[in-house]
Amino acid sequence: MIRKLKPYIISIIIALAVGGLSAFLTRGNMDLYETINTPALAPPAILFPIVWTILYILMGISAAAVYVTKETMDVSGALKTYALQLIVNFFWSIIFFNMRAYLFAFVWIILLWLLIIIMILQFYRVRPVAAYLQLPYLTWVTFAAYLTLMIYLLN
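Okay, structure coming up:
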(Lines of atoms letter the chains of each structure in order from A; the text may use other names.)
(Lines give C-alpha, C1' and ligand atoms only; values in the text may rest on other atoms or scores of the structure.)
Protein backbone atom coordinates (compact mmCIF):
# COMPACT_ATOMS: atom_id res chain seq x y z
CA MET A 773 0.00 0.00 0.00
CA ILE A 774 2.70 2.50 1.00
CA ARG A 775 4.71 1.50 -2.05
CA LYS A 776 1.83 2.52 -4.32
CA LEU A 777 1.28 5.78 -2.44
CA LYS A 778 4.96 6.76 -2.33
CA PRO A 779 5.05 8.49 -5.77
CA TYR A 780 1.92 10.45 -4.85
CA ILE A 781 3.28 11.52 -1.47
CA ILE A 782 6.62 12.58 -2.96
CA SER A 783 4.94 14.43 -5.82
CA ILE A 784 2.59 16.31 -3.47
CA ILE A 785 5.52 17.23 -1.22
CA ILE A 786 7.50 18.56 -4.21
CA ALA A 787 4.58 20.70 -5.42
CA LEU A 788 3.86 22.03 -1.92
CA ALA A 789 7.57 22.71 -1.36
CA VAL A 790 7.80 24.78 -4.54
CA GLY A 791 4.76 26.80 -3.51
CA GLY A 792 5.94 27.06 0.08
CA LEU A 793 9.41 28.25 -0.89
CA SER A 794 7.95 30.87 -3.21
CA ALA A 795 5.62 32.06 -0.44
CA PHE A 796 8.53 32.12 2.02
CA LEU A 797 10.60 34.27 -0.34
CA THR A 798 7.73 36.73 -0.78
CA ARG A 799 6.45 36.70 2.81
CA GLY A 800 7.72 40.19 3.59
CA ASN A 801 5.84 41.66 0.65
CA MET A 802 2.50 39.84 0.83
CA ASP A 803 0.89 42.78 2.62
CA LEU A 804 1.28 44.62 -0.69
CA TYR A 805 -2.03 43.10 -1.78
CA GLU A 806 -3.83 45.03 0.95
CA THR A 807 -2.29 48.37 -0.07
CA ILE A 808 -2.65 48.39 -3.86
CA ASN A 809 -5.71 49.13 -5.93
CA THR A 810 -7.45 45.89 -6.83
CA PRO A 811 -10.40 45.17 -9.15
CA ALA A 812 -13.93 44.63 -7.90
CA LEU A 813 -13.64 40.84 -8.30
CA ALA A 814 -10.48 40.59 -6.19
CA PRO A 815 -10.91 38.02 -3.41
CA PRO A 816 -9.68 38.61 0.15
CA ALA A 817 -5.99 37.89 0.70
CA ILE A 818 -6.76 35.01 3.10
CA LEU A 819 -8.22 33.01 0.20
CA PHE A 820 -4.95 32.76 -1.74
CA PRO A 821 -2.97 30.38 0.51
CA ILE A 822 -6.01 28.13 0.89
CA VAL A 823 -6.62 27.90 -2.86
CA TRP A 824 -2.94 27.47 -3.70
CA THR A 825 -2.52 24.68 -1.16
CA ILE A 826 -5.41 22.77 -2.73
CA LEU A 827 -4.04 23.42 -6.23
CA TYR A 828 -0.53 22.24 -5.34
CA ILE A 829 -1.98 19.05 -3.87
CA LEU A 830 -3.99 18.46 -7.06
CA MET A 831 -0.88 19.19 -9.15
CA GLY A 832 1.10 16.65 -7.15
CA ILE A 833 -1.56 13.96 -7.47
CA SER A 834 -1.88 14.65 -11.19
CA ALA A 835 1.88 14.51 -11.84
CA ALA A 836 2.18 11.28 -9.86
CA ALA A 837 -0.68 9.76 -11.84
CA VAL A 838 1.29 10.49 -15.00
CA TYR A 839 4.56 9.28 -13.47
CA VAL A 840 3.18 5.87 -12.49
CA THR A 841 1.82 5.32 -16.00
CA LYS A 842 4.61 3.33 -17.61
CA GLU A 843 2.81 2.20 -20.77
CA THR A 844 3.33 5.35 -22.82
CA MET A 845 6.24 7.20 -24.36
CA ASP A 846 4.63 10.57 -23.57
CA VAL A 847 5.36 10.41 -19.81
CA SER A 848 8.81 11.99 -19.96
CA GLY A 849 7.74 14.96 -22.08
CA ALA A 850 4.64 15.56 -19.98
CA LEU A 851 6.65 15.55 -16.76
CA LYS A 852 9.23 17.92 -18.24
CA THR A 853 6.45 20.36 -19.11
CA TYR A 854 5.06 19.91 -15.60
CA ALA A 855 8.45 20.75 -14.10
CA LEU A 856 8.87 23.77 -16.37
CA GLN A 857 5.46 25.19 -15.49
CA LEU A 858 6.20 24.60 -11.80
CA ILE A 859 9.40 26.66 -12.16
CA VAL A 860 7.53 29.45 -13.96
CA ASN A 861 4.84 29.29 -11.26
CA PHE A 862 7.52 29.63 -8.56
CA PHE A 863 8.85 32.88 -9.98
CA TRP A 864 5.52 34.63 -10.53
CA SER A 865 5.10 35.61 -6.86
CA ILE A 866 8.63 36.93 -6.73
CA ILE A 867 8.08 39.03 -9.85
CA PHE A 868 4.74 40.34 -8.62
CA PHE A 869 5.30 40.83 -4.89
CA ASN A 870 9.05 41.35 -4.51
CA MET A 871 9.83 43.14 -7.75
CA ARG A 872 6.38 44.78 -8.06
CA ALA A 873 6.76 44.46 -11.82
CA TYR A 874 3.04 44.10 -12.56
CA LEU A 875 3.23 44.24 -16.34
CA PHE A 876 6.08 41.72 -16.43
CA ALA A 877 4.12 39.57 -13.95
CA PHE A 878 1.19 39.64 -16.38
CA VAL A 879 3.39 38.54 -19.30
CA TRP A 880 4.91 35.87 -17.04
CA ILE A 881 1.51 34.53 -16.00
CA ILE A 882 0.46 34.30 -19.66
CA LEU A 883 3.56 32.14 -20.22
CA LEU A 884 2.48 30.03 -17.23
CA TRP A 885 -1.06 29.79 -18.62
CA LEU A 886 0.24 28.54 -21.98
CA LEU A 887 2.49 25.98 -20.28
CA ILE A 888 -0.44 24.73 -18.22
CA ILE A 889 -2.51 24.22 -21.36
CA ILE A 890 0.35 22.32 -23.02
CA MET A 891 0.80 20.25 -19.87
CA ILE A 892 -2.91 19.43 -19.70
CA LEU A 893 -2.88 18.27 -23.31
CA GLN A 894 0.19 16.13 -22.68
CA PHE A 895 -1.26 14.72 -19.46
CA TYR A 896 -4.48 13.88 -21.29
CA ARG A 897 -2.59 11.71 -23.78
CA VAL A 898 -0.99 9.81 -20.91
CA ARG A 899 -3.82 9.67 -18.39
CA PRO A 900 -6.98 11.74 -18.86
CA VAL A 901 -7.80 11.92 -15.14
CA ALA A 902 -4.43 13.64 -14.59
CA ALA A 903 -5.43 16.31 -17.10
CA TYR A 904 -8.80 16.83 -15.44
CA LEU A 905 -7.09 17.36 -12.08
CA GLN A 906 -5.24 20.30 -13.62
CA LEU A 907 -8.41 22.14 -14.74
CA PRO A 908 -8.93 23.95 -11.39
CA TYR A 909 -5.31 25.16 -11.67
CA LEU A 910 -5.89 26.46 -15.19
CA THR A 911 -9.09 28.18 -14.04
CA TRP A 912 -7.37 29.82 -11.09
CA VAL A 913 -4.39 30.97 -13.18
CA THR A 914 -6.83 32.43 -15.71
CA PHE A 915 -8.44 34.40 -12.88
CA ALA A 916 -4.99 35.34 -11.51
CA ALA A 917 -4.03 36.65 -14.96
CA TYR A 918 -7.13 38.86 -14.93
CA LEU A 919 -6.21 40.11 -11.44
CA THR A 920 -2.62 40.75 -12.48
CA LEU A 921 -3.65 42.73 -15.55
CA MET A 922 -6.19 44.75 -13.62
CA ILE A 923 -3.71 45.50 -10.84
CA TYR A 924 -1.23 46.69 -13.46
CA LEU A 925 -3.89 48.94 -15.01
CA LEU A 926 -5.14 50.27 -11.67
CA ASN A 927 -1.73 50.98 -10.21
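No gaps in the numbering here: position 78 of the sequence shown is 850 in the working numbering, and each next residue is one more.
C-beta atoms are modelled at their ideal positions from N, C-alpha and C, and glycine is treated no differently.
Mind reading off the beta-carbon distance from residue 876 to residue 867? Whole number of angstroms is fine, and I expect it under 8 Å. The count along the sequence shown starts at 1 and reaches residue 876 at position 104. The count along the sequence shown starts at 1 and reaches residue 867 at position 95. Yes, they are in contact, since the Cβ atoms of residue 876 and residue 867 sit about 6 Å apart, within 8 Å.
Three-way DSSP call (helix, strand, coil) for residue 806 in this model: Numbered from 1 along the sequence shown, position 34 holds the residue referred to as residue 806. Here residue 806 sits in helix by DSSP.
Could you work out which residue in 881, 850 and 859 is closest to residue 900 when comparing CA atoms only? Walking along the sequence shown from the start, residue 900 turns up at place 128. Of the listed residues, the one whose Cα sits closest to residue 900 is 850.
Looking at the unbroken alpha helix (DSSP H) that takes in residue 922, where does it start and where does it end? Numbered from its first residue, the sequence shown carries residue 922 at position 150. Note, residue 922: alpha helix (DSSP H), 907–926.
Top-ranked residue by Cα proximity to residue 839, from 854, 829, 827 and 825: Residue mapping note: residue 839 aligns to position 67 of the sequence shown, counting from 1. Minimum Cα distance to residue 839 is reached at 854.
What separation, rounded to the nearest whole angstrom, lies between the Cα atoms of residue 891 and residue 831? One-based indexing of the sequence shown puts residue 891 at position 119. One-based indexing of the sequence shown puts residue 831 at position 59. If I take the Cα positions, the gap works out to 11 Å.
State the Cα-Cα distance for the pair residue 908 and residue 917, rounded to the nearest angstrom. Within the sequence shown, numbered from 1, the residue matching residue 908 stands at position 136. Within the sequence shown, numbered from 1, the residue matching residue 917 stands at position 145. Distance between the alpha carbons of residue 908 and residue 917 is about 14 Å.
Rounded to the nearest angstrom, what separates residue 798 and residue 874 at their Cα positions? Here residue 798 refers to the residue found at position 26 of the sequence shown. Here residue 874 refers to the residue found at position 102 of the sequence shown. When rounded, the distance between both Cα atoms is 15 Å.
Comparing alpha-carbon positions, which option in 872, 926 and 895 lies nearest residue 834? Residue 834 sits at position 62 when you count from the first residue of the sequence shown. Closest option to residue 834, Cα to Cα, is 895.
Alpha helix (DSSP H) runs wholly inside the stretch 809–882, at least 4 long, in chain order: 819–839 and 847–865
By Cβ distance below 6 Å, which residues in the same chain neighbour residue 858 in space, the five residues on each side in sequence not counted? Here residue 858 refers to the residue found at position 86 of the sequence shown. Contacts found: 790.
How many Å lie between residue 913 and residue 775 at the Cα? Here residue 913 refers to the residue found at position 141 when the sequence shown is read from its first residue. Here residue 775 refers to the residue found at position 3 when the sequence shown is read from its first residue. Going from the Cα of residue 913 to the Cα of residue 775 covers about 33 Å.
Check whether the Cβ atoms of residue 902 and residue 837 lie closer than 8 Å to each other. Working through the sequence shown from its first residue, we reach residue 902 at position 130. Working through the sequence shown from its first residue, we reach residue 837 at position 65. Yes, they are a contact pair.
What would DSSP say about residue 773, mapped onto helix, strand or coil? The residue you call residue 773 lines up with position 1 of the sequence shown. Correct three-state label for residue 773: coil.
Give me, in chain order, the residues of the same chain whose beta-carbon lies closer than 6 Å to that of residue 794; leave out the 5 immediate sequence neighbours on both sides. Within the sequence shown, numbered from 1, the residue matching residue 794 stands at position 22. Cβ neighbours of residue 794 beyond the five flanking positions: 862 and 865.
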